[in-house]
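The structure appears right after this line, and notes come after that.
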Amino acid sequence: MKITAVHGSMRKGNTYALTKEILNRFSKTSDVEIIEICVADLNLPFCCSCHICFSKGEENCPHYDITHKVKDALANSDGVILSGTTYMWALNAAMKNFLDHFAYLFHRPEFFGKRGMIVATSAGTGEKNVAKYLKTVMGQWGINGAMIVTQNTKERKLMSNNAGLTAKYVKKIDNMAERFYSILKSKQQISPSLKNMAVHNSFRAMSLGEFAESKRDTQFWSREGFVDKSYPVKVGLFKSIIGTLVFSSVNNLAKFIGKSYIKN
Numbered sequence: 074m075k076i077t078a079v080h081g082s083m084r085k086g087n088t089y090a091l092t093k094e095i096l097n098r099f100s101k102t103s104d105v106e107i108i109e110i111c112v113a114d115l116n117l118p119f120c121c122s123c124h125i126c127f128s129k130g131e132e133n134c135p136h137y138d139i140t141h142k143v144k145d146a147l148a149n150s151d152g153v154i155l156s157g158t159t160y161m162w163a164l165n166a167a168m169k170n171f172l173d174h175f176a177y178l179f180h181r182p183e184f185f186g187k188r189g190m191i192v193a194t195s196a197g198t199g200e201k202n203v204a205k206y207l208k209t210v211m212g213q214w215g216i217n218g219a220m221i222v223t224q225n226t227k228e229r230k231l232m233s234n235n236a237g238l239t240a241k242y243v244k245k246i247d248n249m250a251e252r253f254y255s256i257l258k259s260k261q262q263i264s265p266s267l268k269n270m271a272v273h274n275s276f277r278a279m280s281l282g283e284f285a286e287s288k289r290d291t292q293f294w295s296r297e298g299f300v301d302k303s304y305p306v307k308v309g310l311f312k313s314i315i316g317t318l319v320f321s322s323v324n325n326l327a328k329f330i331g332k333s334y335i336k337n
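Next up, the structure:
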């Protein structure tokens with residue numbers, strides 16, 4: 074099994090240390106291979122918002138020589154860990170820029186069946202908002218039910234020499250790592266949230282309709298066999314109905330807007 078961890082901080086401080094504490098649990102297991110990617114080491118320029126990944130494909134991104142290696146690592150992994158730190162109650166800029174380069178995955182999600190974990194820290198508060206955002210991103214990539222580990226200075230101060238690493242927090246990390254390993258090994262499909270179902274089927278409708286803005290999106294959904302599926306992994310009847318209703322509603326709305334636009 075492979076786990077790819079993306080360290081989102083520009084320095085190896087609390088966020089990095091907490092993520093490493095978790096990864097250390099997996100490194101002791103013989104059947105887990107760990108790949109670590111530090112955003113600070115990528116020298117990744119800011120996303121220039123050229124929209125070329127949407128219209129012509131991600132291989133035309135001006136920074137593709139950097140991003141495709143990361144994409145390949147994520148695609149070839151069973152588990153994905155995203156870590157981010159909190160600046161002014163929001164995700165730090167370096168990690169946000171990293172994620173911006175994969176915005177096309179909202180239109181063309183590929184990571185169904187993978188398992189996810191989020192690590193978020195703060196010097197005071199806001200880490201839960203960061204974790205929630207990262208979980209939303211993972212969900213739209215196709216990684217459902219990501220586990221969340223958060224830490225702030227009120228709970229403990231994770232120093233490089235592990236000072237302040239309380240027995241209670243060690244137990245928490247042990248439990249989370251054990252649960253994540255069990256989920257990885259089980260291969261059990263994780264059902265999406267209703268929000269993920271709604272967004273997924275909205276993109277499905279917009280990509281397959283006669284007024285679809287991006288041919289690349291249309292080709293993707295057809296090639297992957299997602300055209301007639303409310304979701305690529307098994308979901309219950311209720312969620313399937315919700316997905317179908319959202320798809321139908323967005324599809325009809327897109328047709329109405331498209332015809333109105335042409336008429337005017």
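In the working numbering, the protein residues as written are 74 to 337.
Every residue, glycine too, gets a C-beta built ideally from N, C-alpha and C.
Residue j beta carbon less than 8 Å from that of residue i
| i | j | result |
| --- | --- | --- |
| F320 | A278 | yes |
| T194 | N225 | yes |
| Y177 | E132 | no |
| I107 | A146 | no |
| S128 | S275 | no |
| S313 | S322 | no |
| T223 | A204 | yes |
| L267 | I315 | yes |
| I221 | K208 | yes |
| H180 | D301 | no |
| N269 | N217 | yes |
| S264 | G309 | yes |
Any chain D beta carbon closer than 8 Å to residue i
| i | result |
| --- | --- |
| I107 | Given the protein chain composition of this structure (a single chain), no chain D is represented. |
Residue from the options whose Cα sits closest to the Cα of residue i
| i | options | result |
| --- | --- | --- |
| C111 | S266, M161, F171 and V105 | F171 |
| D104 | I139, H180 and S150 | S150 |
| H174 | H136, T88 and P182 | H136 |
| T158 | A285, K244 and T88 | T88 |
| L257 | S266, F99, A163 and K93 | F99 |
| E251 | A78, T102, K75 and T77 | T102 |
| K93 | K307, V243, D138 and V203 | V243 |
| R188 | V272, I246, P305 and Q262 | Q262 |
| S122 | C134, K328 and K205 | C134 |
| I76 | F119, V143 and I125 | V143 |
| H141 | G152, Q213, L117 and A163 | L117 |
| K328 | Q292, P305, P265 and E283 | E283 |
| C126 | T317, F293, L326 and G309 | F293 |
| G212 | P182, I139 and N202 | P182 |
| L318 | A285, S259 and H273 | H273 |
| G152 | I139, A78 and N202 | A78 |
| N97 | N202, I246 and T239 | I246 |
| L326 | F119, H124, L91 and A285 | A285 |
| L91 | S295, T239 and H124 | T239 |
8 Å contact criterion, which residue i and residue j should meet: CB distance rounded
| i | j | result |
| --- | --- | --- |
| A113 | M83 | 5 Å |
| S156 | V192 | 4 Å |
| M249 | I154 | Rounded, the Cβ-Cβ distance is 11 Å, inconsistent with contact. |
| G215 | F184 | 4 Å |
| G86 | M168 | Actually they do not touch by this definition, with Cβ atoms about 13 Å apart. |
| M190 | A148 | Wrong, their Cβ atoms sit about 17 Å apart, outside the cutoff. |
| A163 | G199 | 7 Å |
Item to check | Segments of 4+ residues assigned as alpha helix (DSSP H) that fall wholly inside the segment 129-201 | outcome: Runs found: 137-148, 166-173 and 177-180.
Item to check | Secondary structure, alpha helix (DSSP H): runs of 4+ residues fully inside the segment 255-303 | outcome: Counting only unbroken stretches of 4 or more residues, the alpha helix (DSSP H) elements lying wholly within the segment 255-303 are 267-281 and 288-296, in sequence order.
Item to check | Every unbroken beta strand (DSSP E) inside the segment 93-134 [3 residues or more] | outcome: 106-111
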